[in-house]
Every structure is written in structure tokens, then in C-alpha cells.
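See structure below.
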Amino acid sequence: CKVQSLISYYYKWG
Amino acid sequence: MLELRLVQGSLLKKVLESVKDLVTDANFDCSATGFSLQAMDSSHVALVALLLRSEGFEHYRCDRNLSMGMNLNNMSKMLKCAGNDDIITIKADDGSDTVTFMFESPTQDKIADFEMKLMDIDSEHLGIPEAEYHAIVRMPSAEFARICKDLSSIGDTVVISVTKEGVKFSTRGDIGTANIVCRQNTSVDKPEESTIIEMNEPVSLTFALRYMNSFTKATPLANSVTISLSSELPVVVEYKIAEMGYIRFYLAPKIED
Numbered sequence: 001c002k003v004q005s006l007i008s009y010y011y012k013w014g
Numbered sequence: 015m016l017e018l019r020l021v022q023g024s025l026l027k028k029v030l031e032s033v034k035d036l037v038t039d040a041n042f043d044c045s046a047t048g049f050s051l052q053a054m055d056s057s058h059v060a061l062v063a064l065l066l067r068s069e070g071f072e073h074y075r076c077d078r079n080l081s082m083g084m085n086l087n088n089m090s091k092m093l094k095c096a097g098n099d100d101i102i103t104i105k106a107d108d109g110s111d112t113v114t115f116m117f118e119s120p121t122q123d124k125i126a127d128f129e130m131k132l133m134d135i136d137s138e139h140l141g142i143p144e145a146e147y148h149a150i151v152r153m154p155s156a157e158f159a160r161i162c163k164d165l166s167s168i169g170d171t172v173v174i175s176v177t178k179e180g181v182k183f184s185t186r187g188d189i190g191t192a193n194i195v196c197r198q199n200t201s202v203d204k205p206e207e208s209t210i211i212e213m214n215e216p217v218s219l220t221f222a223l224r225y226m227n228s229f230t231k232a233t234p235l236a237n238s239v240t241i242s243l244s245s246e247l248p249v250v251v252e253y254k255i256a257e258m259g260y261i262r263f264y265l266a267p268k269i270e271d
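Protein chains in written order, with my numbering: chain G, 1 to 14; chain F, 15 to 271.
And the structure:
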């Protein structure tokens with residue numbers, strides 16, 4: 001199993 | 015100039031205890047909306063989002079948007095010096111590199127101020143759009159904490175599955191397996207003790223129990239917890255902070271290689 005970074009689910013801002 | 019007076023100072027103490035093990039340093043953002051924080055853990059798989067709305071403070075002055083970088087361990091050390099019944103006021107001047115926490119006892123016979131150094135933190139804010147979830151489970155927060163603690167003595171991961179039968183928490187480890195099923199239960203007198211399952215589609219996801227256990231440190235903030243699950247999204251574990259806002263934890267699921 002692997003876990004993807006939250007950055008791959010959401011978008012960066014600021 | 016920033017001045018935020020929180021009559022129920024224990025709320026801030028509890029907030030700090032629930033995030034300080036997940037995140038080391040974080041920017042607290044202050045705006046007309048409220049006092050907020052968004053921070054990821056060092057591995058970027060878990061995120062905490064806090065909002066304490068301005069209306070929840072007895073006095074809320076924030077002349078301009080301000081971001082204050084704090085070491086949460088140090089902040090926790092300072093807030094531990096406040097009594098549980100104390101009123102806490104957070105003060106900062108524009109451009110200052112310190113923040114002051116003022117603690118007043120309810121009878122006003124003891125007033126303390128603690129000044130803490132601020133720090134520059136490069137933080138990445140994530141935009142988290144509103145989403146439709148396949149299933150939303152609301153259950154007593156203490157029950158959820160108990161389940162996470164119990165399962166972590168057996169295994170490292172939890173599979174959370176929602177079907178029309180209920181919500182199932184499963185783990186597996188060297189010594190064996192464990193399954194805990196909670197069924198919908200709205201017949202109890204106290205709504206905060208009920209378990210409510212809204213399911214649009216069955217969903218099953220796997221998460222690291224280490225993070226789930228860390229999230230349950232927020233249990234003293236709310237009687238209920240809401241767990242929102244969707245097969246393509248991180249889980250959201252939300253504790254509502256009465257009349258003030260929320261603390262939400264996001265955790266990326268484990269997926270097949």
C-alpha cells in the first residue's frame with residue numbers, strides 16, 4: 001500500500 | 015493591532031492539545047472572519063484546519079489580516095499555565111515579533127501575561143473544495159476514540175467500511191484480526207450519543223491508525239465526531255467547537271500500489 005500526499009488531492013494556494 | 019478575548023479559555027487549551035502532536039510549527043491567521051489555522055504534518059498526508067469564528071469571542075479586534083507563526087509546543091507550554099476557568103486574551107501589535115497571552119482568573123484576582131516569540135514559517139495552504147461524500151458517519155467522539163485506541167493494539171491500519179448494515183472498523187495484525195460494527199442508533203434520548211449514518215454509496219477505505227489516534231486528541235472539544243468518506247478523497251474527521259467553529263482533520267487513504 002502507498003499513501004499519496006494531500007497535495008495530489010487538493011490545490012496549493014498562497 | 016490584534017486583541018482577541020476568549021471567555022472560555024479552556025477551548026484554546028484543548029485545541030492546542032489536539033494539534034501539537036500532529037504539527038510542530040504553524041501559522042495562525044487572523045482576519046475579520048476569525049482565528050484560523052491550516053497546517054499539514056511533516057509527511058504531507060494529514061492536515062488540520064481550525065476555525066474559531068470572530069463572533070465566538072467576547073471581544074475581537076483585528077485591524078488587518080495577520081499571520082502569526084508559532085511553535086505549537088511552546089504555545090502549549092504557555093497555555094498550560096492558564097487555569098481551566100481562565101479568560102484568555104491573545105494580543106499582538108502590528109509588525110511585532112511576539113504575541114502575548116493574557117490569563118485572567120474568573121474572579122479577576124489573578125492576571126498573568128506570557129509573551130511568546132513568533133517565527134517565520136513557510137507554509138503551503140491547500141485549497142479544499144466542498145465535496146460530495148459517499149458516506150457521512152456521525153457518532154459519539156468518545157466511542158470513535160475508543161475504537162481507534164482498541165484497534166491500534168491489534169494492527170497499524172484501519173479499514174473503515176460503510177454499508178447499509180452500518181459502519182465497520184477493521185484491522186489485522188500479527189496476533190489476529192478485529193472488526194467493530196456500529197449500527198445506526200437514533201433511539202437514544204441524548205442526540206450526542208446517537209450514531210447516524212448517511213450513505214449515498216457503500217465505501218471502504220484504509221487509513222493509518224497512528225493518525226486517527228492523533229485526531230482523537232480533539233475528543234474533549236466535542237461530544238460528536240463526523241467522519242466523511244469518499245473513495246477518491248481523503249477522509250475528513252470533524253469536531254465541531256460549540257458556537258465557535260470546528261477543527262477538521264484530513265487524512266489521505268492508503269491505496270494499492
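The beta-carbon is built from N, C-alpha and C at its ideal position, and this holds for glycine as well.
- Distance check between F/Ile-135 and each of F/Leu-51, F/Glu-31, F/Leu-30, F/Ala-159 places F/Leu-51 closest, using alpha-carbon atoms only.
- Against chain G, the beta carbon of F/Glu-215 has no neighbour under 7 Å; the closest one sits roughly 19 Å away.
- Residue state for F/Val-151 is assigned as strand, using DSSP reduced to three classes.
- Exposure of F/Ala-256 is indicated by the presence of fewer than 16 other C-beta atoms within 10 angstroms of its C-beta.
- Using a Cβ-Cβ distance cut-off of 8 Å, the stretch 37-49 of chain F and the stretch 179-189 of chain F are not in contact, since fewer than three pairs of beta carbons, one from each stretch, lie closer than that value.
- Take F/Ala-145, set aside five residues on each side of it, and the residues of its chain with a beta-carbon closer than 7 Å to its own are Ser-244, Leu-247, in chain order.
- Between F/Glu-17 and F/Ser-32, the alpha-carbon positions lie close to 23 Å from each other.
- Beta-carbon to beta-carbon, F/Phe-221 and F/Ile-174 are separated by about 7 Å, close enough to satisfy the 8 Å threshold.
- In this structure, the straight-line span from the alpha carbon of F/Tyr-260 to that of F/Asp-107 is close to 26 Å.
- Per DSSP, the continuous alpha helix (DSSP H) segment holding F/Lys-91 begins and ends at 86-93.
- CA-CA distance, F/Lys-94 to F/Leu-265, rounds to 28 Å.
- F/Ile-135 does not reach chain G, its nearest Cβ partner there being about 12 Å away, counting only Cβ pairs nearer than 9 Å.
- If you draw a straight line from the Cα of F/Arg-262 to the Cα of F/Gln-122, it is about 34 Å long.
- Scanning F/Ser-57, F/Glu-72, F/Ser-81, F/Lys-91 for the CA closest to the CA of F/Lys-28 turns up F/Lys-91.
- The beta carbon of F/Val-59 falls within 8 Å of a beta carbon belonging to chain G, placing the residue at that interface.
- As DSSP reads the structure, F/His-73 sits in a beta bridge with F/Arg-19.
- At a beta-carbon threshold of 8 Å, none of the residues of chain G lie near F/Glu-146; the nearest stands roughly 15 Å away.
- Rounded to the nearest whole angstrom, the CA to CA distance from F/Glu-118 to F/Asp-203 is 37 Å.
- Closer than 7 Å at the C-beta level to chain G, one finds these residues of the stretch 49-76 of chain F: Met-54, His-58, Val-59, Leu-61.
- Contact of F/Tyr-264 with chain G by beta-carbon distance below 8 Å involves Leu-6.
- No Cβ of chain G is located within less than 8 Å of the beta carbon of F/Gly-187.
- Non-local C-beta neighbours of F/Arg-67 in its own chain, meaning closer than 8 Å and more than five positions away in sequence, comprise Thr-47, Gly-48, Met-258, Gly-259, ordered along the chain.
- It is roughly 10 Å from the alpha-carbon of F/Lys-268 to the alpha-carbon of F/Val-59.
- Just so you know, the alpha carbons of F/Pro-205 and F/Leu-61 end up roughly 28 Å apart.
- Per DSSP, the continuous alpha helix (DSSP H) segment holding F/Arg-224 begins and ends at 223-229.
- A straight-line Cα-Cα distance of about 4 Å links F/Ile-101 and F/Val-21.
- Beta-bridge pairing by DSSP links F/Cys-196 to F/Val-181.
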